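So for the sequence shown, this note's numbering puts the first residue at 1; every next one is plus one.
Everything below concerns the one structure shown next.
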Amino acid sequence: MTPDYIISDRRLGSTSVEVSPLGYGAAALGNLYRKISDDETREALTAAFDAGIRYVDTAPHYGQGLSERRVGAHLRPGTTVSTKVGRVLTPIDPPPPGTERHGFIDGDPFDVAFDYSADGIVRSFEDSLQRLGIDRIDLLLVHDLGRATHGPDAERHMRDFLDGGYRAMADLKASGRVGAIGMGVNEWQVCEDVMAHCDLDAVLLAGRYTLLEQTALDSFLPLCDRTGVSVIVGGPFNSGVLIGDDHYDYGAVPPAVAARVARLKAICTAHGVPLAAAALQFPLAHPAVVSVIPGMAAAAQVEANLTLFSTRIPDALWDELRHENMLHADAPLPKTTVAI
């Protein structure tokens, strides 16, 4: 029996915006790490929509607008869309074929600059509407605030956001042009900093609440529980290491991480469960988590993730992971038994 927590749509905070529990992370549609064709994009999105996936996340950063443009070309009515602000794009001469910029191959001919000011937020929002071909964004996320991205410039960007960028996002929500607002980041600490000053509906947190690591349980997820902020989990495979890829946090896999993944895989295998299935289903057991959005670049990946998402996982697997100290002591465990 499939648990309710992975089949029922959930609302973002106190808004009317709903997301499907399995969403579509569209970074790969911007040619992340490798080039994919427009046909592959169409086939992947068609497979997702046909299967009932009703939430897609994209951003101007993904292929310098390419991902947004591709999502917009195949978007279906009724799909919840999130995109991001904090980067503005300006036209440039097309680079030579095969050029990699910011991890994306053959992105669209735009240069990227960070801008968290009110004017920058509004400009980014308006440009995204054009690329997506829509007149409203369901969920608007400020992208990549924090030291992990900005280092010594983090405080300056934070001031720009708190002094004007946040108000611009709140005004867009108040006007009805945006349904919900939040953050899209790879570090939960900066979310706590922002939440001390701003009202958010949701946070898209990539890679920090996964089967591999659950540091977000120390203080961030309890804070979201208390304040009613919904959490969308991006990067459930930690950039691929939990599905056998050689990336972790968009880079090489450290030996300690590889060893932990090997132990997780051994326990899952002993219970007849693919490691990736456990990784995909685990985050949704937390009451603050409303959706998990693996990145998908092809129809075959969509189909594989749908199979993983519906794989029955015995309670004994989660119990053993807890017993072997492979999970945070406070991590809610998925249960296959559904209350009647």
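Glycine included, C-beta positions come from ideal geometry on N, C-alpha and C.
As the structure is a prediction and not an experimental result, all values here were calculated from the model.
The distance from the Cβ of F114 to that of G86 is about 6 Å, consistent with a contact at the 8 Å cut-off. Exclusion of the five residues before and after R123 leaves V88 as the residues of its chain whose Cβ lies within less than 7 Å of its Cβ.
Boundaries cannot be given for P109, as no alpha helix (DSSP H) includes it and DSSP labels it neither H nor E. In this structure A174 is exposed. Its beta-carbon is surrounded by fewer than 16 other beta-carbon atoms within 10 angstroms. Assignment of E324 by DSSP, reduced to helix, strand and coil, places it in the coil class.
Taking all protein chains shown into account, Q130 has fewer than 16 neighbouring C-beta atoms within 10 Å of its C-beta and is therefore exposed. When P152, L280, R322 are compared, the shortest CA-CA separation from N305 is found for L280.
In the structure shown, Y166 falls within a helical segment according to DSSP collapsed to helix, strand and coil. Where T227 is concerned, the enclosing alpha helix (DSSP H) starts and stops at 220–227. With a beta-carbon spacing of about 4 Å, G182 and A202 fall inside the 8 Å limit used to define contacts. A straight line joining the alpha-carbon of A259 with that of P314 spans about 24 Å. Buried is the label assigned to N238, since at least 16 other Cβ atoms lie within 10 Å of its Cβ.
Spatial neighbours of P94 in its own chain (CB-CB distance under 6 Å, excluding positions within 5 residues in sequence) are listed in chain order as P109. Boundaries of the beta strand (DSSP E) harbouring I137: 137–143, taken from the DSSP string. If you draw a straight line from the Cα of L200 to the Cα of Y250, it comes to about 27 Å. The residues A118, I121, V122, in chain order, have a CB closer than 6 Å to that of A168 in the same chain once the five nearest residues on each side in sequence are set aside. Under the three-state reduction of DSSP, D246 is assigned to coil, being neither helix nor strand.
Assignment of F161 by DSSP, reduced to helix, strand and coil, places it in the helix class. If you ignore the 5 residues before and after D330, its C-beta comes within less than 7 Å of the C-beta of L217, all in its own chain and listed in chain order. Restricting attention to E324, M326, A278, the CA atom closest to the CA of K335 is found in A278.
For the 9 Å CB-CB criterion, L132 and R69 form a contact.
Non-local beta-carbon contacts of L162 in its own chain, meaning distances under 7 Å to residues more than five positions away in sequence, involve H197 in chain order. Taking C-beta separations shorter than 7 Å and ignoring five residues to either side along the sequence, the partners of D160 in its chain run Y116, S117, following chain order.
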